[in-house]
Every structure is written in structure tokens, then in C-alpha cells.
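Below: the structure, in C-alpha cells.
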Amino acid sequence: MQIGYKLASEGYGPQEIIRQAVLAERVGFDFVEMSDHFHPWLDAQGHSSFTWSVLGAIAAKTSTLRLATGVTCPTVRYHPAIIAQAAATMALISDGRFTLGVGAGERLNEHVVGQGFPSVRGRHERLREALEIIRLLWQGGYQSYEGRHLQLEDARIFDLPDTLPVIAVAASGEASARLAAELGDGLFATEPDASIVEHYRRAQGAGPRYAEVPLAWATDEQQAVQAVLQTSRWMVTGWKVMSELPNPVNFDAASAHVEEKHIRQLFAVGPDPEPHVAKVRSYVEAGFDHIVLQNAGPDPDGFLDFFAGDLSGRLRAMG
Numbered sequence: 001m002q003i004g005y006k007l008a009s010e011g012y013g014p015q016e017i018i019r020q021a022v023l024a025e026r027v028g029f030d031f032v033e034m035s036d037h038f039h040p041w042l043d044a045q046g047h048s049s050f051t052w053s054v055l056g057a058i059a060a061k062t063s064t065l066r067l068a069t070g071v072t073c074p075t076v077r078y079h080p081a082i083i084a085q086a087a088a089t090m091a092l093i094s095d096g097r098f099t100l101g102v103g104a105g106e107r108l109n110e111h112v113v114g115q116g117f118p119s120v121r122g123r124h125e126r127l128r129e130a131l132e133i134i135r136l137l138w139q140g141g142y143q144s145y146e147g148r149h150l151q152l153e154d155a156r157i158f159d160l161p162d163t164l165p166v167i168a169v170a171a172s173g174e175a176s177a178r179l180a181a182e183l184g185d186g187l188f189a190t191e192p193d194a195s196i197v198e199h200y201r202r203a204q205g206a207g208p209r210y211a212e213v214p215l216a217w218a219t220d221e222q223q224a225v226q227a228v229l230q231t232s233r234w235m236v237t238g239w240k241v242m243s244e245l246p247n248p249v250n251f252d253a254a255s256a257h258v259e260e261k262h263i264r265q266l267f268a269v270g271p272d273p274e275p276h277v278a279k280v281r282s283y284v285e286a287g288f289d290h291i292v293l294q295n296a297g298p299d300p301d302g303f304l305d306f307f308a309g310d311l312s313g314r315l316r317a318m319g
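This is the structure in C-alpha cells:
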């Protein structure tokens, strides 16, 4: 089992994100994972730097830490040719430490380029075409592609690594899990749902299985809950809401009903390691082997110390 640390790019500026990544390597995390957003979920978070620049800086300042996007949408705000080029470059400058996590995206980030946001079916069709384009370009040489939604004209990526990056495809059900097995090298999910892993395996998927685990560490349990209510309550709304709303103000309104009980149902909170271990165990038992600790608590340095001192050994024992 590999253990990763979620870099909260919506909650901290780029220099702070880089600092946390360096500390994550120092305290023993295997990898870091970073979302690729244009906006934060809530205005209270206050940040959303350009992920690809930050990951490049992290690669230059670390030596063993693996890096991943969690996840990027290669269909609207970016053309897949750009993501194919960016991922190939990241693989080179990180000496093979990069994983490309991709998904169908959220309106929050993709609407900004003024091309609208597709239906669910349209998003999934575009994601398939994007993966086909990325795979095509990674073959080398000049390539063209004519899809229903996406096109590629006479394009070549000149700097390709000898070993291509792993592509982990975000999945929430059978169709997306099968796509991850067919055109990806791994799986990415946010819920401890064993059926997603089972669908992936039945489709002959045999790669790494990433999952984000919601935690909130603080020296006081109530302080942890309040931090989640302030900055991360949007997570309670569920994916059908999270994928559709266009701006932070909409997420603020949609999550206004969230109460402490909802936070405690979703997150492991407080200083006691046992709830955090139990939360992680639910994902491991569901079949995930690349566990991303997503700390929504108010003190990242305290959480990293907590991981090094009380949590790491217990989690490693599961794998």
C-alpha cells in the first residue's frame, strides 16, 4: 500500500503548497496528489494556483516523492494534446515520479473558457476521446484524430519519456471503471465503494487504485469540525452537486444546510488516531491500494507531525 498526502491547492497559496510537499516527503509520505482547479470550492478557501507550475516546482525540490494530479479534466479548459504534452514533461523533470489522474471535470472550473459544460453523457464521451488522443500522441510521431467532440491536427510531442506516466481515471460507477481499465493504467475514486474496484477488476484492470480519504486533524475535536464547516463542507453535497455548480458562491449556498452531524458522518475528526485509522481501513477493505489522506483540519504542520508520530505505522501495518 502507498500512502499519499492531498495538497489543498484551494486552501493555500503556491509557495505554501510547495513547502507542505517538501515536508510530506520528509515525514514519509510516498506521494502527493493535487487537484487541478481554476476556482476554489468556497471563497473562504481563497486560493487556486496553476497546478502544473506548482507540481514542476515540487519535482525540483524533492527526490523520492511521487506526484499526481487528482484529477485534471483534459476536455474543455484544456485540450488533451496540451495535457499529453504537460504530463510527458512532468514525467521527464520528475525522473518518472508522475501519475496523470484524469476525470470528466466540474462546471466550477471548465465553464470559465466560455464553451459551456457538457451533459453527463457528453462529458464521458469527451473523456474517452481525450484518452484516445493522449495515447495516440504518446506513441510518438505526427498524429491526427477526428472524433465526435475533439479533434487533433498534425501534432507531435517531441519530448517523451522512455517510460510513459501512469494514467489513473476517475470512476464513480461501472461505465467509468470499465473506461479506467480499457484506456487507463489505474483507477481513481473518492468513496470506499468496493463495487467500483470490482467493476475495474472485471474489466481486466490491474493497475494502482487511488482513493481520497476525508480526515480533519486538530488538537481538539470540535476545532477540527469547525475547520471543515468553514472550508470543506462542500464535500458533503455529493458528486451530482459538485460537478454542476459554476462558482464558489453557489457552493456556499448549496452547503449552507451542512451541520456538524454531517461532517462527523463523512470525516474522521480530532486528535485520536483511531477514527482516522478506521476511516482509512474502510477504503483499504474496499480494495484501494493508493490511499490519499485529505486533511481538512486547520493545521497542516500538526497533521504532518501526527502522521509521522501516530498514524504512519498503523496505516503501513494494513498493507
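Using UniProt numbering, the letters of the sequence shown map in sequence onto residues 1 to 319. Beta carbons are placed, not taken as given, at the ideal position from N, Cα and C, and that holds for glycine. Since we're looking at a predicted model, the values are computed, not measured.
Check the C-beta distance from residue i over to residue j and give it rounded, since I have them as a contact under 8 Å.
{"i": "A218", "j": "Q204", "result": "In fact, because the Cβ distance is near 43 Å, the residues do not count as touching under 8 Å."}
{"i": "A194", "j": "G287", "result": "6 Å"}
{"i": "Q139", "j": "L152", "result": "Not really, about 12 Å apart at Cβ, beyond 8 Å."}
{"i": "T64", "j": "E25", "result": "6 Å"}
{"i": "A168", "j": "P208", "result": "7 Å"}
{"i": "R148", "j": "T75", "result": "Going by Cβ atoms, the distance from R148 to T75 rounds to 12 Å, so no, they are not a contact pair."}
{"i": "L100", "j": "P165", "result": "5 Å"}
{"i": "L150", "j": "I133", "result": "6 Å"}
{"i": "V269", "j": "A224", "result": "4 Å"}
{"i": "R316", "j": "P273", "result": "Their Cβ separation, rounded to whole angstroms, is 13 Å, which puts R316 and P273 out of contact at 8 Å."}
How would you call residue i, buried or exposed, if buried means at least 16 neighbouring beta carbons within 10 angstroms?
{"i": "H257", "result": "exposed"}
{"i": "R202", "result": "exposed"}
{"i": "W239", "result": "exposed"}
{"i": "T62", "result": "buried"}
{"i": "V280", "result": "buried"}
{"i": "D154", "result": "exposed"}
{"i": "I82", "result": "exposed"}
{"i": "G141", "result": "exposed"}
{"i": "D36", "result": "buried"}
{"i": "A84", "result": "buried"}
{"i": "E106", "result": "buried"}
{"i": "V32", "result": "buried"}
{"i": "S232", "result": "buried"}
{"i": "F267", "result": "buried"}
{"i": "F307", "result": "buried"}
{"i": "R121", "result": "exposed"}
Sort the options by Cα distance to residue i and report the nearest one.
{"i": "A206", "options": "Q223, L215, R178", "result": "R178"}
{"i": "R135", "options": "P80, P118, G13, H149", "result": "P80"}
{"i": "E110", "options": "M318, F38, F188", "result": "F38"}
{"i": "A44", "options": "R316, D289, Q226", "result": "Q226"}
{"i": "L7", "options": "G28, M1, G302, L55", "result": "L55"}
{"i": "R77", "options": "V102, E212, A254", "result": "V102"}
{"i": "C73", "options": "F117, S53, D30, A60", "result": "F117"}
{"i": "P300", "options": "E191, Y283, P271", "result": "P271"}
{"i": "D162", "options": "I93, V213, D154, E129", "result": "I93"}
{"i": "P192", "options": "A211, Y200, H199", "result": "A211"}
{"i": "G4", "options": "R97, A91, V113, R148", "result": "R97"}
{"i": "D30", "options": "L293, F303, D305, F306", "result": "L293"}
{"i": "A68", "options": "S232, A87, V197, G313", "result": "A87"}
{"i": "M34", "options": "Y200, E274, A21", "result": "A21"}
{"i": "I291", "options": "M318, A308, P298", "result": "M318"}
{"i": "L183", "options": "R316, E129, G313, D310", "result": "E129"}
{"i": "E260", "options": "F306, V241, Y12, Q222", "result": "Q222"}
{"i": "A91", "options": "V27, E285, W52, W234", "result": "W52"}
{"i": "M1", "options": "G114, V284, R264", "result": "V284"}
{"i": "I157", "options": "W234, R264, V27, L137", "result": "L137"}
{"i": "Q230", "options": "E146, G28, G297, A104", "result": "G297"}
{"i": "I263", "options": "W234, A57, L187", "result": "W234"}
Beta-carbon within less than 6 Å of residue i's beta-carbon, same chain only, minus the 5 sequence neighbours each way: which residues are those?
{"i": "D252", "result": "L42"}
{"i": "N295", "result": "L215, W217, F303"}
{"i": "T190", "result": "E212"}
{"i": "I196", "result": "A171, A177, A189"}
{"i": "L131", "result": "L183"}
{"i": "S243", "result": "E106"}
Please work out which residues of its chain come closer than 7 Å, Cβ to Cβ, to residue i, disregarding the five sequence neighbours upstream and downstream, and give them in chain order.
{"i": "T89", "result": "D159"}
{"i": "P40", "result": "E10, G46, H47, S48, P248"}
{"i": "T237", "result": "A254, S255"}
{"i": "H199", "result": "E174, A177, R178"}
{"i": "V27", "result": "L304, F307, A308"}
{"i": "L245", "result": "R107, L108, F251, A254"}
So is the beta-carbon of residue i under 7 Å away from any non-hydrogen atom of the ligand MG?
{"i": "A296", "result": "Of the ligands one can find in the structure shown there are none, so the ligand MG has no counterpart to examine."}
Can you find the residues in the same chain that come closer than 8 Å, C-beta to C-beta, to residue i, ignoring five residues on each side of it along the sequence?
{"i": "A175", "result": "H124"}
{"i": "A60", "result": "I93"}
{"i": "Y145", "result": "E129, E132, I133, L136, Q151, L152"}
Original post:
Which ranges does the beta strand (DSSP E) cover as unbroken runs of at least 3 residues, wholly within the segment 140-192, from first to last along the chain?
Top reply: 143-146, 151-155, 166-170, 186-189, all fully within the segment 140-192.
Subject >> Uninterrupted beta strand (DSSP E) stretches inside the segment 248-279 (no shorter than 3 residues) >> reply: The DSSP assignment places no complete run of the beta strand (DSSP E) inside the segment 248-279 (cut-off: 3 residues).
**OP:** Counting only runs of 3+ residues fully inside the segment 84-128, write out the beta strand (DSSP E) ranges in chain order.
**Re:** Given a length threshold of 3 residues, each whole run of the beta strand (DSSP E) inside the segment 84-128 is given here in chain order: 98-102.
Original post:
What are the start and end residues of each continuous alpha helix (DSSP H) run of 4 or more residues lying completely inside the segment 35-83, in chain order?
Top reply: Listed in chain order, they are 51-61.
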